[in-house]
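For the sequence shown, position 107 (counting from the first letter as 1) is numbered 106 according to numbering that gives the first Met the number 0, and the numbering increases by one without interruption.
Contents: one structure, followed by commentary.
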Amino acid sequence: MKSIAAVLTGINEPLQIEELLLPALKRGQALIEVAYSGICHSQLNEIHGLKGEDKFIPHTLGHEGSGIVLEAGPDVAKVRPGDRVVLTWIKGMGYDAASTQYLRKDGTVVNSGAISTFLTHANISENRLVPITEAMPLKEAALLGCALPTGAGIVRNRAKMQPGESLAVFGLGGIGLSAILMASCIDKRNRKSDSADNPSAIIAIDINEDKLSLAREIGASHTINALVKDPIETIMEITSGQGVHYAVEAAGIGAVMEQAFRSVRDEGGLCILAGNLPQGETISIDPFDLIKGKQIVGTWGGETDPDKDIPFYEKLFLSNAVNLKPLVHSVYPLYQINEAIKNMEKGQAGRCLIRMEPA
Ligand SMILES: [Zn+2]
C-alpha cells in the first residue's frame, strides 16, 4: 500500500510531498484512509523546531483527523474495515501500538509516531481511533481529534463550568474557540431550562478582529481587542471588579499567561494554561495571589476521555447543540499544505483543514 505524505525533512523547511510505502500492520494497528486532517500549533512548533532537538527527522506529522478503516491489524478489536473514525493524539481504549516507519522508493526511512494525519493512508495505533456514526460528516469529525476535545474539555472536565459562571478565553485559535463554543452551549442549555435567566459572561480576548468577530458568532458575550483595551481592566469592569471564575490561556504567550492568572477571582478562581511556551521560557506570578485563593493549573488535552467525550461531542453536533461549521475557515488539498500553514501563521480566524487527495 502506498501513501502520499507531507513530510518534515528539516527545521523551518516547507513540508515535502512524498510517496511512501506502508509496511504491514503491526499488532494493534489499523490501516486508515485519511479523509481530513487539522493543523495544530503543535505541528507548527515541530516545523520550527520549538520543541527542542528533533531526532526523528524525516518524519510525518499531524495529530487530529478523520478517515475510514481499510484494514484492522492483529489483535485490533475496536474497529473493523469500513468504520468511520476520528483520529486523535489523545490516548483512549485499545492497544497502544509501537510507532511506524514508512519507506521511500530509495529505501530510506521516514519516521512516524503512533498517529500521523498529514498523509493519505496511515498505520495508526488502535488507541488513537474513535469510531463515529454514518451521520457524522468526516469534515467536521476531523475537529474532534484535538482542538474541540481540548478546548471543550477544559470547560467541561477541567473547569466543570456551571451555568451563570464567567469565563475569559485568551487566544482564539482552535482550542480557544472550542472553549467558547462549549461555554456557550452550557449557557444556552441553562437559558432554555431556567426562567430565572442567569447568563454566563463569556469573554474572548485576542488581537485579531476577525477572530474576535468569529468568537461573537459562536457565543462570546464580550470581546476584548488587547491592542485597544487593557484586558484585565475590562474583565474587572464586566465582572463588577471580581474577576472571572475561569480563565483559559490558549495563546501560548508568557505575558498572556500572567494576565490570564491575574484575571481570575480570589477565593477559587481557576486559571488553566493550554498554550505552550518555547522550551526554556518561564512565567512569573505573585504568590500573594495564590494566598488569596487564585489557582493555576495546566491541562492535558482537556482531560479528555476520547471514547466517552468524542461520541458526546458528535451527538452535540448532530443535535445542533454546537455548530462546528464556523470553526472551519478553509479546506486545502494535501499538495497545498504549505500554503495552509502560511495562512494559519498569518492568523486567519478558524481552523485550516487538509483534504487528502486520492492516492
Ligand atoms: Zn492539536
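Beta carbons are placed, not taken as given, at the ideal position from N, Cα and C, and that holds for glycine.
Note that the structure is predicted; figures quoted are calculated from it, not measured.
Secondary structure at residue i, three-state DSSP: helix, strand or coil?
i	result
H62	coil
H244	coil
Q258	helix
N365	The chain is shown from 0 up to 358; residue 365 falls before or after that span and cannot be answered.
L237	According to the sequence as given, residue 237 is Ile; it is not Leu. Note: I237 maps to helix in three-state DSSP.
K210	helix
G72	coil
H120	strand
T8	coil
G300	helix
L352	strand
V154	helix
F169	strand
R387	No statement about residue 387 is possible, as the shown extent of the chain runs from 0 to 358 and does not include it.
H328	strand
E139	helix
L323	coil
I34	For the record, residue 34 in the displayed sequence is Ala; it is not Ile. Here A34 sits in strand by DSSP.
Y334	helix
D265	coil
D205	strand
H221	strand
N275	coil
L317	helix
L19	strand
C39	coil
K90	coil
Can you tell me the Cα-Cα spacing of residue i and residue j, whole angstroms?
i	j	result
H244	L166	6 Å
D308	D105	42 Å
L142	V227	31 Å
E164	I237	13 Å
A358	I231	Annotation note: pLDDT 44 at A358 (below 50); position unreliable, coordinate value reported separately. Taking the straight line from one Cα to the other gives about 51 Å.
Q161	G268	13 Å
N11	I46	6 Å
S111	I284	38 Å
P80	L69	5 Å
I123	T233	46 Å
L49	L317	37 Å
T222	A214	8 Å
D265	C184	26 Å
E18	A5	9 Å
C270	D186	20 Å
G240	S262	10 Å
S199	K293	20 Å
V247	D288	17 Å
A140	I89	15 Å
D53	R188	45 Å
G274	L43	13 Å
G349	D229	24 Å
H120	A259	40 Å
K341	M0	31 Å
I282	V296	13 Å
C145	H62	7 Å
A76	E208	47 Å
Q278	L272	15 Å
Y331	M343	12 Å
D438	N156	Given a span of 0 to 358 for the chain in the structure shown, any question on residue 438 remains unanswerable.
R190	K210	26 Å
L180	K159	14 Å
S220	I56	44 Å
D82	I153	29 Å
K138	K291	45 Å
What whole-angstrom Cβ distance do residue i and residue j have, given they're in contact under 8 Å?
i	j	result
G218	S177	11 Å between Cβ atoms; not a contact.
L102	I3	No, L102 and I3 are not in contact; Cβ-Cβ is about 14 Å, not under 8 Å.
V168	A225	V168 to A225, Cβ: 12 Å. No contact.
R26	D74	5 Å
L21	L30	7 Å
P305	P148	7 Å
S98	T59	Not a contact, Cβ separation roughly 10 Å.
H328	G172	About 11 Å; that fails the 8 Å criterion.
V84	V78	6 Å
G242	L276	Rounded, the Cβ-Cβ distance is 23 Å, inconsistent with contact.
E313	Y334	No, E313 and Y334 are not in contact; Cβ-Cβ is about 30 Å, not under 8 Å.
V129	G91	6 Å
I336	L14	6 Å
Q28	G72	4 Å
L280	G253	A quick correction: the sequence has Glu, not Leu, at residue 280. Going by Cβ atoms, the distance from E280 to G253 rounds to 6 Å, so yes, they are a contact pair.
Taking 8 Å as the threshold, find out whether the stretch 287 to 302 comes into contact with the stretch 317 to 326 through three or more Cβ pairs. No contact exists between the stretch 287 to 302 and the stretch 317 to 326.
Determine, using beta-carbon pairs with one atom in the stretch 125 to 134 and one in the stretch 199 to 217, whether at least three such pairs fall under 8 Å. Below 8 Å, too few C-beta pairs join the stretch 125 to 134 and the stretch 199 to 217 to call them touching: fewer than three.
Do three or more CB pairs link the stretch 31 to 38 to the stretch 55 to 66 at distances below 8 Å? With a cut-off of 8 Å, the stretch 55 to 66 and the stretch 31 to 38 count as touching, because enough Cβ pairs lie within range.
Which residues neighbour ligand 1 when neighbourhood means a C-beta less than 5 Å away from any of its non-hydrogen atoms? List them by chain order. Every residue passing the under-5 Å Cβ criterion appears here: C39, S41, C145.
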